[in-house]
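One structure is given below, encoded as C-alpha cells.
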Amino acid sequence: MAEFVLHCMAQSGHSYKVALMLELCGADWDTRWVDFFNGETRSEEFRSTLNEMGEVPVLEEGDKLLTQSAVIMDYLFERFGKFGWDNEEERREILRWTIFDNQKVSGMIGPLRFLRTLIKVDENDVTKFLEGRAKSALAILDKHLADNDFAIGTKLTMADFSLCSYLYYEGELGFSLEQYQNVNNWLARIKSVSGWKHPYDLMPGHPMPDAA
Numbered sequence: 108m109a110e111f112v113l114h115c116m117a118q119s120g121h122s123y124k125v126a127l128m129l130e131l132c133g134a135d136w137d138t139r140w141v142d143f144f145n146g147e148t149r150s151e152e153f154r155s156t157l158n159e160m161g162e163v164p165v166l167e168e169g170d171k172l173l174t175q176s177a178v179i180m181d182y183l184f185e186r187f188g189k190f191g192w193d194n195e196e197e198r199r200e201i202l203r204w205t206i207f208d209n210q211k212v213s214g215m216i217g218p219l220r221f222l223r224t225l226i227k228v229d230e231n232d233v234t235k236f237l238e239g240r241a242k243s244a245l246a247i248l249d250k251h252l253a254d255n256d257f258a259i260g261t262k263l264t265m266a267d268f269s270l271c272s273y274l275y276y277e278g279e280l281g282f283s284l285e286q287y288q289n290v291n292n293w294l295a296r297i298k299s300v301s302g303w304k305h306p307y308d309l310m311p312g313h314p315m316p317d318a319a
C-alpha cells in the first residue's frame, strides 16, 4: 500500500492542488476515487469515517486523516520540505495568496464550472455573478504576475498549486482566459515543471460515469 492515499475525484480542482503537490514532491501516493456525483460525500459513512465536512480531498497517511487542501499542502511541506517558505515573509505571502485563491479564484471559478459544465444549469443571475467575480480576481492575478514569475516571486510554491488548480480544466470554465496573458504565461511555466500532469491524468473518475 502506498504511503499516502488521496481520496479525490478528477473533476475536483481542490483535490488537484494536493495531487499535483504530491506528484511533484515525489511522494509514494495513490488515489481512491470518491463518487461525488452519486452522493458519496453526503453519505453517513463518508462523513463519519473520512470527513465530517463532506468534501474532498482527504489525505490518508496510516491512521492520520487530513482535510482541506491548504491544510494538506502545509502538512506536505512539513513532510517533504518542498514548495513552501524560507522565511516568515514568504510564509505570509503564501498564506495571503492561498486565502485570495480560496475566496476569489477557486472560490468563484469552482462553483461556476460546477454549474455550467458539470450539472449544466441555464445561465442565471448566479452564474453571471460568479463569472464577474472570477474575472475580477483573474485581473488582479494577471497584474501581479506581470512582475512575478510565480505567486510569491521567483519560486514555485503551494500558493501556485492553489491558484492554478481550476485553470487547467481547459474549455470547462464557460469563459476564455485569452485576455489574461500573464496568467497564461504563468500556467505554461508551471506546466513546464518536470513531473507536471493534467488533473485528468493524476486523479480517477474522468470521464464521469454517466458520460463514459
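If you use the working numbering, the sequence shown closes out at 319, no skipped numbers anywhere. No residue lacks a Cβ here, since even glycine has one placed at the ideal position from N, Cα and C.
Beta-carbon proximity of residue i to residue j, cut-off 9 angstroms
i      : j      : result
Ala241 : Trp204 : no
Met116 : Asp142 : yes
Asp249 : Asn289 : yes
Met265 : Phe207 : no
Phe268 : Phe190 : yes
Leu202 : Pro164 : no
Spatial distance of residue i from residue j (CA atoms)
i      : j      : result
Thr224 : Gly281 : 8 angstroms
Lys124 : Thr174 : 12 angstroms
Ala295 : Glu196 : 26 angstroms
Ala253 : Phe221 : 29 angstroms
Ser155 : Gly146 : 14 angstroms
Leu157 : Gly278 : 32 angstroms
Leu284 : Pro218 : 17 angstroms
His251 : Ser122 : 25 angstroms
Gly312 : Glu152 : 20 angstroms
Met315 : Tyr276 : 14 angstroms
Ala319 : Arg199 : Model confidence at Ala319 stands at a pLDDT of 34, short of 50, so the residue's coordinates are unreliable and nothing is read from them.
Gly161 : Ser150 : 8 angstroms
Glu167 : Ala109 : 10 angstroms
One or two residues paired with residue i in a DSSP bridge
i      : result
Ser138 : In the sequence on display, residue 138 carries Thr and not Ser. According to DSSP, which records beta bridges pairwise, Thr138 is partnered with Leu113.
Leu172 : Glu167
Gly260 : Phe257
Three-way DSSP call (helix, strand, coil) for residue i in this model
i      : result
Gly281 : coil
Pro311 : coil
Leu248 : helix
Trp192 : coil
Gln288 : helix
Leu127 : helix
Ala319 : For Ala319, the pLDDT reaches just 34, beneath the cut-off of 50, and the residue's location in the model is therefore unreliable, although a value from the coordinates is still provided. Note: Ala319 maps to coil in three-state DSSP.
Asp267 : helix
His305 : coil
Lys227 : coil
| query | Counting Cβ pairs, one atom from each stretch, are 3 or more of them under 8 angstroms apart for the segment 199-217 and the segment 263-279? | reply | yes
Is the segment 302-309 close to the segment 121-137, with three or more CB pairs under 8 angstroms?
By the Cβ rule, the segment 302-309 counts as touching the segment 121-137, because three or more pairs are nearer than 8 angstroms.
Mind the definition here: the segment 225-241 touches the segment 173-191 only if three or more C-beta pairs lie below 8 angstroms; say whether that holds.
Contact between the segment 225-241 and the segment 173-191 is absent, because fewer than three Cβ pairs lie under 8 angstroms.
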